[in-house]
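Quick note on the working numbering: the sequence shown kicks off at 3 and runs consecutively.
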Amino acid sequence: MNKVSLFIGFVLLMLGVSCFDEARAADELNVKVVEQYVDMHTGPASEFPVFHVIKKGEIVSVLKSHTGWYKIRTADEKLGWIAKSAMAATLGIDDRQLQLPERNFSSYTDRTWEFGVHGGQLENVSLMTVSAAWVLTENIAVEISAGQALGDFSDNKLWLVRLQHYTFPEWQLSPYFTLGAGQIRTEPSATLVQSGAEARTNDLLEVGAGARYYLTKNFVFRAEYKRLTALTERDELEELNQWTLGLSVFF
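Next comes the structure, spelled out in structure tokens:
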């Protein structure tokens, strides 16, 4: 349990450090608004309040896109978000028609949530997992996963919470590293139960590495290796190897 406590402390420390990370600035695009007016919101959703109205003919700078919204800066340095539909007819500063960028790799680096499905092996036993991640910065994400490995002799269910660090988030094919903790529950088959085997639950520690490749639109391909350490009741360490391939969708 001491190792798990140390890991949790490390995660909290890393989350504190991540608050000081600076996001990379996107390339700016200066455009002219041709609608009569455009509502400017405080965030990338209609639920965020409108705090400013942009009038026809004003020049704004498009900073980045996020799930159908654009973050912009006005000539008087106001920062906010406008809906994609509000900029359907947009002109460049030279009065030529512009096509604003659709969801692309820059949207991926600016994602907030990510959900995935993965398949692979846990110690030569077929494994299926699902995951959900909250992306804090371009370099740091917190992910939770649940999986099941069903073998001939036992059924293994495991859940883990991990911290992911992306070393080169600006690369389309990007490596990353993970540290995590969780639990695994092993339930023996009926034959082993009859021989006296019992279900058991053990704490897990995780160290892993992987690579992710941005495919298109909202989709990312992932390949991972994890080294899992189970802390048994006998104060012994059981090492487990896990390999997975998966597909994630981000928002």
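The C-beta atom is built at its ideal place from N, Cα and C for all residues, glycine as well.
- Straight across, the Cα-Cα distance linking L138 with T44 is about 19 angstroms.
- Minimum Cα-Cα distance from K34 among the listed residues G149, Y227, K57 corresponds to K57.
- Per DSSP, the continuous beta strand (DSSP E) segment holding A148 begins and ends at 142-152.
- The continuous beta strand (DSSP E) containing W161 extends over residues 156-168.
- For L138, no beta strand (DSSP E) encloses it, and the DSSP letter there is neither H nor E.
- Between F223 and the set D205, K86, T246, E238, the nearest pair of CA atoms involves T246.
- In the three-state DSSP reduction, K58 falls in the coil class, being neither helix nor strand.
- Distance from Q174 to N204 at the Cβ level is roughly 38 angstroms; contact not present, criterion being Cβ atoms closer than 8 angstroms.
- Annotated three-state conformation of S87 is helix, per DSSP.
- Taking C-beta atoms as the reference points, G118 and L249 count as a pair closer than 8 angstroms.
- With 16 or more other Cβ atoms inside 10 Å of its own Cβ, A183 counts as buried.
- The alpha carbon of A148 has as its nearest neighbour, out of L129, D154, Q166, the alpha carbon of L129.
- In this model, V62 and E125 are separated by some 55 angstroms (Cα to Cα).
- Of the candidates T76, P46, S67, the residue whose Cα lies closest to the Cα of E60 is T76.
- Take the alpha-carbon of R202 and the one of N158: they are about 10 angstroms apart.
- Taking V132 as reference, the option from Q38, W161, V40 with the minimal CA-CA separation is W161.
- For Q244, the number of other beta carbons within 10 angstroms of its own is at least 16, and it is reported as buried.
- Ranked by Cα distance from T169, the options E140, S48, K66 are led by E140.
- Nearest to W71 by alpha-carbon distance, out of F50, A135, K80, is F50.
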